[in-house]
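S.K.: After the structure tokens below, expect a handful of questions from me.
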Amino acid sequence: MSRHEDETLPSDSHDGAECISKPVLELSQARTSIVGEALPVRRALPGKPRRMVGAWCFLDHAGPLDYPIGGGLTVGPHPHIGLQTFTWMIEGEVDHHDSLGNHQRIRPGQVNLMSAGHGISHAEVSPMDRPGRVHAAQLWIALPDGERNRPPSFHHYPDLPRVEQGGFLFTVLVGEALGQTAEAEVFSPLMGVDARSESAAGTTMSLNPDFEHAAMCLQGEADVGGQHIIPGELLYLGTGRNELEISSDAAARILIIGGEPFGEDILLWWNFVARTQEELAAATEDWNAGRRFGQVTGTDLPHLVAPDLAGLRLRRPGG
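Counting along the sequence shown from 1, when you hit position 12 you're at 12 in this note's numbering, and nothing is skipped either side.
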């Protein structure tokens, strides 16, 4: 997914809350944003006060939403640098097209992972010949300095490890959890788990105490670490947790993410993750001039135009 063109202010991770080196329960509200033509999403990261959770620097939750013919996700070709896009499809289907020549339909229960590296462009389009339904989470992972200029790549993961425990069906999306390891190739220590219950359920899952963690309720209502959460809320859990209690009184779905605290400041602006304003300006100029990011085939949607970065002043550490 692409950040909406109206969002012209960069997100500086230095301005966000620092990793808390103990267990906490910090509740924040996602804000509503628009992706593509008219798809509303709940944007939990970057937010206030939390800009990142480990290397996770962006979290959108779309749906569940029914749409008419021609609706759904319609994001034309757009660029990325310095990050990985991570799409978890819960309901519906979306076609991915990128400048490496990949064309991949993602279906429920599958993950798409695209590493932008020094530059890639792609489009994301729901099938437009019929009405449909969309429910998905898309996250971005900031690439560490040693990997952020790597060659771009794309991977599709149709089969993910699953574990039933305490009335929850856990799907391990990335990293290690519940004795399972996901295949997704990431470049920072991370974890991501989807927990779904069909009725009342409750269990305790083990966590890596060196990671900071957060949870977002995607459907229904749930209790996480003793805190009640509903869709549209992000619960930051801090570090130092060996385990986490989760429960629900009815059907619910929870996304749990975590990672080793990211030791680098980043700038997130439009669809780019960088370290300096100069990098953002160069990527913007290259994209709008048709350089660097290649060509996307497989869709007739128009290219997105990068907003004007001129005149923005970014406060850097100590500035």
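Each residue gets a CB set at the ideal place from its N, CA and C atoms; glycine is no exception.
Quick check on tryptophan 270: does DSSP put it in helix, strand or coil?
M.R.: What you label residue 270 is simply residue 270 of the sequence shown in a count that begins at 1. Reduced to three states, the DSSP call for tryptophan 270 is coil.
S.K.: To the nearest angstrom, how far is it from the Cα of glutamate 233 to the Cα of glycine 220?
M.R.: Along the sequence shown, one-based indexing puts residue 233 at 233. Along the sequence shown, one-based indexing puts residue 220 at 220. Glutamate 233 and glycine 220: Cα-Cα distance of roughly 12 Å.
S.K.: On the three-state DSSP scale, how would you describe alanine 62?
M.R.: On the sequence shown, residue 62 is found 62 positions in, with the first residue counted as 1. Three-state DSSP puts alanine 62 in a strand.
S.K.: Between the Cα of valine 125 and those of Thr299, Leu190 and Leu255, spot the shortest distance and give me the residue it belongs to.
M.R.: On the sequence shown, position 125 is the one that residue 125 refers to. Per the Cα distances, Thr299.
S.K.: Alpha carbon to alpha carbon, how far is valine 111 from tyrosine 157?
M.R.: As a working mapping, residue 111 is identified with position 111 in the sequence shown. As a working mapping, residue 157 is identified with position 157 in the sequence shown. Rounded to whole angstroms, valine 111 to tyrosine 157 spans 5 Å at the Cα level.
S.K.: Report the residue from Leu237, Phe211, Glu212 and Asp210 whose alpha carbon sits nearest the alpha carbon of aspartate 223.
M.R.: Translated into the one-based positions of the sequence shown, residue 223 becomes position 223. The shortest C-alpha separation from aspartate 223 is found at Leu237.
S.K.: Spatial neighbours of glutamate 5 within its chain, please: C-beta separation below 6 Å, excluding the five flanking residues on both sides.
M.R.: By 1-based counting over the sequence shown, the position of residue 5 is 5. Unreliable positioning characterises glutamate 5 in this predicted model, as indicated by a pLDDT of 42, which lies under 50. The coordinate reading is nonetheless provided below. Closer than 6 Å at Cβ, skipping near neighbours: Pro307.
S.K.: What is the DSSP secondary structure of aspartate 286, counted as helix, strand or coil?
M.R.: Along the sequence shown, one-based indexing puts residue 286 at 286. Aspartate 286: helix per DSSP, three-state reduction.
S.K.: Considering only their Cβ atoms, is the gap separating methionine 52 from threonine 85 smaller than 8 Å?
M.R.: Translated into positions along the sequence shown, residue 85 becomes position 85. Translated into positions along the sequence shown, residue 52 becomes position 52. No, the pair does not count as a contact, with Cβ atoms beyond the cut-off.
S.K.: Pull up the distance between the alpha-carbon of histidine 155 and that of histidine 103, whole angstroms please.
M.R.: Within the sequence shown, the letter at position 155 stands for residue 155. Within the sequence shown, the letter at position 103 stands for residue 103. So the two alpha carbons sit approximately 11 Å from each other.
S.K.: Can you give, in chain order, each stretch of the beta strand (DSSP E) that sits fully within the region 176-246 and has at least 3 residues?
M.R.: Counting whole runs of 3 or more residues, the region 176-246 contains the beta strand (DSSP E) stretches 190-206, 212-219, 222-224, 227-229 and 233-238.
S.K.: The beta strand (DSSP E) that contains phenylalanine 168, what's its start and end?
M.R.: If you number the sequence shown from 1, residue 168 lands on position 168. Unbroken beta strand (DSSP E) run through phenylalanine 168: 168-174.
S.K.: Does DSSP classify leucine 280 as helix, strand or coil?
M.R.: Along the sequence shown, read from residue 1 onward, the residue named residue 280 stands at position 280. Of the three classes helix, strand and coil, the one that applies to leucine 280 here is helix, per DSSP.
S.K.: Have a look at phenylalanine 211 and aspartate 129 and give me their C-alpha separation to the nearest angstrom.
M.R.: Residue numbering aside, residue 211 sits at position 211 when the sequence shown is read from its first letter. Residue numbering aside, residue 129 sits at position 129 when the sequence shown is read from its first letter. Cα to Cα, phenylalanine 211 sits roughly 44 Å from aspartate 129.
S.K.: With a threshold of 16 other CB atoms inside 10 Å of the CB of glutamine 29, please say whether the residue is buried or exposed.
M.R.: Taking the sequence shown and counting its residues from 1, the one referred to as residue 29 is at position 29. Exposed, because fewer than 16 other Cβ atoms sit within 10 Å of the Cβ of glutamine 29.
S.K.: Whose C-alpha, out of His303, Leu207 and Gln277, is nearest the C-alpha of asparagine 288?
M.R.: Here residue 288 is taken as the residue at index 288 of the sequence shown, counted from 1. It is His303 whose Cα lies nearest to the Cα of asparagine 288.
S.K.: What are the start and end residues of the beta strand (DSSP E) that includes arginine 133?
M.R.: Taking the first residue of the sequence shown as 1, we reach residue 133 at position 133. Counting along the chain, the beta strand (DSSP E) containing arginine 133 begins and ends at 132-142.
S.K.: Which complete beta strand (DSSP E) runs does the region 59-123 hold, if anything under 3 residues is left out?
M.R.: Complete beta strand (DSSP E) runs here, min 3: 74-80, 83-91, 94-98, 103-106 and 111-115.
S.K.: Output yes or no for whether 8 Å exceeds the beta carbon distance between histidine 80 and alanine 116.
M.R.: Against the sequence shown, residue 80 aligns to sequence position 80. Against the sequence shown, residue 116 aligns to sequence position 116. Taking 8 Å as the Cβ cut-off, histidine 80 and alanine 116 qualify as a contacting pair.
S.K.: Let me know the secondary structure DSSP gives leucine 39 once reduced to three states.
M.R.: Start at 1 with the first residue of the sequence shown, and residue 39 comes out as number 39. In this structure, leucine 39 counts as strand in the three-state DSSP scheme.
S.K.: Do leucine 190 and glycine 109 have their CB atoms nearer than 8 Å?
M.R.: Position 190 of the sequence shown, counted from the start, is the residue given in the question as residue 190. Position 109 of the sequence shown, counted from the start, is the residue given in the question as residue 109. No, they are not a contact pair.
S.K.: Beta strand (DSSP E) containing leucine 27: first to last residue?
M.R.: Here residue 27 refers to the residue found at position 27 when the sequence shown is read from its first residue. Element bounds for leucine 27: 23-29.
S.K.: Rounded to a whole number of angstroms, what is the C-alpha to C-alpha distance between glycine 179 and glycine 167?
M.R.: By one-based count along the sequence shown, residue 179 stands at place 179. By one-based count along the sequence shown, residue 167 stands at place 167. One C-alpha to the other measures close to 17 Å.
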